[in-house]
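Just so we're on the same page, the numbering used here is the position in the sequence shown counted from 1, plus 1478.
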Amino acid sequence: MTNTIDDVYQEFLSQMEEEAFLEPYREACRYIEQKLEKINIEYSEKLGRNFIGQTICRIKTPESCLNKMIKKKYIVKQQTAQEYLSDISGIRVICNFLDDIYRLAEILKADEKLEVIKTKDYVKKPKSSGYQSLHMIVLVPVDGAGKKRVEIQIRTQAMNLWAVVEHHFVYKKGDYEKHEFEKDLKECARAIYKIDKKMLVIREKMEAACKEM
Ligand code: 0O2
1479 MTNTIDDVYQ EFLSQMEEEA FLEPYREACR YIEQKLEKIN IEYSEKLGRN
1529 FIGQTICRIK TPESCLNKMI KKKYIVKQQT AQEYLSDISG IRVICNFLDD
1579 IYRLAEILKA DEKLEVIKTK DYVKKPKSSG YQSLHMIVLV PVDGAGKKRV
1629 EIQIRTQAMN LWAVVEHHFV YKKGDYEKHE FEKDLKECAR AIYKIDKKML
1679 VIREKMEAAC KEM
């Protein structure tokens, strides 16, 4: 008897839920989360202001892995997911200011325990949707499981608001080719970039004013 596509998908979904498969990815997330906590304490002290606003860790759901495998035309197998999906472990880092995105990226690059294997700068070059974020794929040592990849998405609060709304109403529905909100969302993304730049200039002026006092 041959397996139907549904059987293959079902088997994949249950494999992706296996504890032994998931635990190293959770461990890799915790590793980065703890590192970010330490970085935040150190740099908030150095900078005299809050460096990292929020971190959100997540393990990609089996359904989301399946959708991505289908979208990317990968063979739907746990082993292929392990090999090709870089974001089974993912952490989103929200900063207040544009320059903090790059400050954090440099700190992570300089960390001897981490290996940055890919960086995608959708802040300098936003996606055609308007999406802005700095993505880094890092290799994290996990006890007994070698190294695991973690995708770190770094963005400002304003970029995050845009991404969360667009993700819910457009991206997740796979409507990102052409849709009625495309123009408005792109305009908003451009406005957000201008506001982020303006907020940075205001912060720098306020810092300079504080030093003069
Ligand atoms: P989800 O549900 O958020 O996890 P690659 O393997 O590097 O070639 P990949 O992983 O598709 O390709 O990389 P890319 O394009 O950098 O996208 C990775 C993630 O960025 C996506 O994960 C989204 O989380 C986010 N993202 C990318 N483009 C957009 C966009 O236009 N809008 C929003 N809101 N988010 C975006 P997933 O797995 O696609 O989805």
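Here a beta-carbon is modelled for each residue, glycine too, at the ideal position from N, C-alpha and C. It should be emphasised that the depicted structure is a prediction, and the values quoted were computed from it without experimental measurement.
Checklist entry - In chain order, what residues of the same chain lie with their CB nearer than 7 angstroms to the CB of Gln-1556, ignoring the 5 residues before and after it? => result Phe-1490, Gln-1493, Met-1494, Phe-1499
Checklist entry - What does a CB cutoff of less than 7 angstroms around Tyr-1552 pick up in its chain, not counting 5 residues either side in sequence? => result Thr-1558, Tyr-1562
Checklist entry - Going by DSSP, which residues form a beta bridge with Leu-1617? => result Glu-1593, Arg-1627
Item to check | Beta-carbon spacing of His-1613, Gln-1631 below 7 angstroms | outcome: yes
Item to check | Counterpart residues of Leu-1612 in DSSP-defined beta bridges | outcome: Asp-1599, Ile-1632
Next on the checklist: What does the Cβ neighbour count give for Cys-1688, buried or exposed, with the cut at 16 atoms within 10 Å?
Outcome noted: exposed
Item to check | Asp-1485 to Val-1554 span [Cα, whole Å] | outcome: 11 angstroms
Checklist entry - At what residues does the beta strand (DSSP E) containing Arg-1570 begin and finish? => result 1567-1573
Checklist entry - Relative to the C-alpha of Cys-1573, which residue among Arg-1633, Met-1691, Met-1547 is closest? => result Arg-1633
Checklist entry - What is the C-beta distance between Val-1601 and Val-1616, in whole angstroms, given that I count them as a contact (C-beta under 8 angstroms)? => result Incorrect: roughly 18 angstroms between the Cβ atoms, too far for contact.
Next on the checklist: So if DSSP puts Arg-1536 in a beta bridge, which residue, or which two residues, is it bridged to?
Outcome noted: Gly-1568
Next on the checklist: Give me the residue from His-1646, Asn-1481, Leu-1592 with the minimum Cα distance to Val-1620.
Outcome noted: Leu-1592
Next on the checklist: By the three-class DSSP mapping on this structure, what secondary structure does Ile-1530 have?
Outcome noted: strand
Checklist entry - By Cβ distance below 6 angstroms, which residues in the same chain neighbour Ile-1566 in space, the five residues on each side in sequence not counted? => result Tyr-1503, Lys-1538
Checklist entry - Leaving out five residues before and five after Asn-1528 in sequence, what residues of the same chain have Cβ atoms less than 7 angstroms from its Cβ? => result Ser-1522, Asn-1574
Next on the checklist: So, with DSSP's three-state summary, where would you put Glu-1658?
Outcome noted: coil
Item to check | Where Met-1637 falls, given that 16 or more other Cβ within 10 Å makes a residue buried | outcome: buried
Item to check | Sequence-distant residues of its chain with Cβ nearer than 8 angstroms to Leu-1544 (five each side left out) | outcome: Tyr-1487, Phe-1490, Leu-1491, Met-1494, Val-1554
Checklist entry - If you check the beta carbons only, do Ile-1530 and Val-1594 fall under 7 angstroms apart? => result no
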